[in-house]
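Peer 1: I have a structure I would like to understand better, so I am pasting it below and will then ask my questions one at a time.
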Amino acid sequence: MTKQELSIKIGNRIKQLRKDKNISQAELGRLCGRDKQHIELIENHKVSANTYTLYTIANALEIDFVELFKF
Numbered sequence: 001m002t003k004q005e006l007s008i009k010i011g012n013r014i015k016q017l018r019k020d021k022n023i024s025q026a027e028l029g030r031l032c033g034r035d036k037q038h039i040e041l042i043e044n045h046k047v048s049a050n051t052y053t054l055y056t057i058a059n060a061l062e063i064d065f066v067e068l069f070k071f
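This is the structure we're talking about:
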């Protein structure tokens, strides 16, 4: 799997989990200390999130970190 393919899968997974919990991008950003635009960029595969950002997103979604990688 390439870096781009992984970024796409993670972005899609975050979007899916966020929507499952009925949380907006703005709300997720607020919960994990990022802004809406940063969440949007991750979900739309424009940027790759670093490990700590993924960790904060998982915490904000109230899921185990590894759940982000179940695709």
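Residue numbers are given in the UniProt record's numbering: position 60 of the sequence shown equals residue 60, and the series is strictly consecutive.
Beta carbons are placed, not taken as given, at the ideal position from N, Cα and C, and that holds for glycine.
Between which two residues does the alpha helix (DSSP H) containing N59 stretch?
Peer 2: Sequence index remark: in the sequence shown, residue 59 carries index 59 (1-based). Counting along the chain, the alpha helix (DSSP H) containing N59 begins and ends at 51-60.
Peer 1: Are D35 and G29 closer than 7 Å when you measure CB to CB?
Peer 2: Counting from 1 along the sequence shown, the entry for residue 35 is found at position 35. Counting from 1 along the sequence shown, the entry for residue 29 is found at position 29. In contact: D35 and G29 (Cβ atoms closer than 7 Å).
Peer 1: For a test of the three-state rule: what should DSSP assign to V66, helix, strand or coil?
Peer 2: Counting from one through the sequence shown, the residue named residue 66 turns up at place 66. If DSSP states are grouped into helix, strand and coil, V66 belongs with the helices.
Peer 1: How is H45 classed by DSSP in three states: helix, strand or coil?
Peer 2: Sequence index remark: in the sequence shown, residue 45 carries index 45 (1-based). It is coil, neither helix nor strand.
Peer 1: For G11, which residues from the same chain have a beta carbon less than 7 Å from its beta carbon, with the 5 sequence-adjacent residues on both sides left out?
Peer 2: In the sequence shown, counting from the first residue as 1, residue 11 sits at position 11. Answer for G11: I42, E43, N44, H45, listed in chain order.
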